[in-house]
DNA sequence: CGGGATCCCCCGAGATACTG
DNA sequence: CAGTATCTCGGGGGATCCCG
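Residue numbers (the working numbering), protein chains in the order written: chain A, 556 to 772; chain B, 556 to 772.
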């Protein structure tokens, strides 16, 4: 990591986070602890040596901790430190900014589990008017499944299915338009952007809970 | 700019802002319009070809606009677009995060005008209790001079001297401790971290207006 | 003199293979 | 499973040159 030679917080941040793949490694770790091979699988295209180098650097910079699990499963697990967790609101803001002119996947772009979870997390509107105080959702895109559990102001987004979702939503990249409000809930249903099963009256609540606008101009 | 191949706002942001020097070029432009040579001078160590390449890419990405000034001074000026301005709160947060474990300059690190202005801007506490509703300050570090004008909740930080400052503050990298609250106003005076001239009673107001904490642990 | 373009060198990323 | 080893290649670092 070549230094910028400036006594400046932004320059220091850029030295760490400007490294190739660094932001995405952190994004994945901030969704939950990951093993080396989890990370490799969740970051299609990352060269193995680059992943190893990033993890080593991020550990040295105090953002990532290695935990060697003992016992039957003696794999190595990487987890974010408190310093990395302090980045969550920053990465959320960065992600929303980047999403502002992201409407349709480019050729060959994929959606990963961490991308989906962190996108929805960054989109949470805690003050949204809700139809119901508690609700649970399961969202599927291609072969990915995540879930959302809302309890009052507490909104949780996490990987994997939900044991007992009120509503199951199957969708695709068109979800982006829905989050931006460019497509309303009824229109999304009508146009087949989403397929619902379960308590369909909860869908409005789901849509109101998340928002990531498009760039104004 | 090699794509990450993920349909994800953070990945899109990383493709643009993860480029070497990109964040610092934007930081400088967000302080004010700059000519090519202004940028080169404000970013010590940036290779000329890299600056040219970044500007071209940032223009293509819709973050930077070129404006060819006509008339006597027919220089080219670069300015941030609205899309770049939407980054201001994000870069502020990033800079504060980076500053959280930045206490002392590393060997050879310098302070630039844009670094100083944007650091102070990101540190503004709009809800700070003030001794006086209006006040103006001039801050000098080495050969750099910037100024601050406070009018109620309106706090402005800009390059250059102020025509009629209430208080002139000469300081150095020790300003970092002051912003973090690790050193109080009186202590800063006593230890020679700052040298004041003018209305010294305004110094407490100045200190209360800006805050960038150190990392907790 | 401002605003770049060009050249060469080298590091770090990409790709792939291989090992404890 | 968790990396290291090796090779290639594009882009950055540094200096110099060029053009209006």
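Cβ coordinates follow ideal geometry from the N, Cα and C atoms, glycine included.
Everything numeric in this text was worked out from a predicted model, so none of it was measured.
Check: Can you pull the DSSP bridge partners for residue 706 of chain B?; Outcome: B/689, B/709
Check: With DSSP collapsed to three states, give me the class of residue 756 of chain B.; Outcome: helix
Check: So if DSSP puts residue 613 of chain B in a beta bridge, which residue, or which two residues, is it bridged to?; Outcome: DSSP output for residue 613 of chain B lists no bridge partner at all.
Check: Measure the C-alpha to C-alpha separation of residue 709 of chain A and residue 753 of chain B and round it to an integer number of angstroms.; Outcome: 51 Å
Check: Tell me where the alpha helix (DSSP H) around residue 635 of chain B begins and ends.; Outcome: Counting along the chain, residue 635 of chain B falls outside any alpha helix (DSSP H), though it belongs to the beta strand (DSSP E) covering 631-635.
Check: So, residue 654 of chain A versus residue 767 of chain A, is the Cβ gap smaller than 7 Å?; Outcome: yes
Check: Under 8 Å between beta-carbons, which chain A residues line up against residue 644 of chain B? List them in chain order, please.; Outcome: 648
Check: For residue 553 of chain B, report the span of its beta strand (DSSP E) as first-last.; Outcome: The question about residue 553 of chain B has no answer here: the residues shown for chain B are numbered 556 through 772.
Check: Assuming residue 636 of chain B and residue 618 of chain B make a contact with CB atoms under 8 Å, what is their CB distance in whole Å?; Outcome: 6 Å
Check: I want to verify the contact list: residues of chain B whose CB lies under 7 Å from the CB of residue 559 of chain A, in sequence order.; Outcome: 579
Check: Pull out every residue of the region 649-664 of chain A whose Cβ sits closer than 8 Å to any Cβ of chain B, in chain order.; Outcome: 649, 650, 651, 652, 653, 654, 655, 656, 657, 660, 661, 663, 664
Check: If you compare alpha carbons, which of B/601, B/559, B/587, B/738 is closest to residue 557 of chain A?; Outcome: B/601
Check: Whose C-beta lies closer than 6 Å to the C-beta of residue 580 of chain A among residues of the same chain, with five residues either side of it excluded?; Outcome: 609
Check: Does the distance from the CB of residue 668 of chain A to the CB of residue 714 of chain A come in under 7 Å?; Outcome: yes
Check: I'd like to know if residue 597 of chain B contacts chain A, where contact means its C-beta is closer than 7 Å to some C-beta of that chain.; Outcome: no
Check: Name the two residues that bound the continuous alpha helix (DSSP H) containing residue 734 of chain B.; Outcome: 730-735
Check: For residue 597 of chain A, count the other beta carbons within 10 Å of its own beta carbon; 16 or more makes it buried, fewer makes it exposed. Which is it?; Outcome: buried
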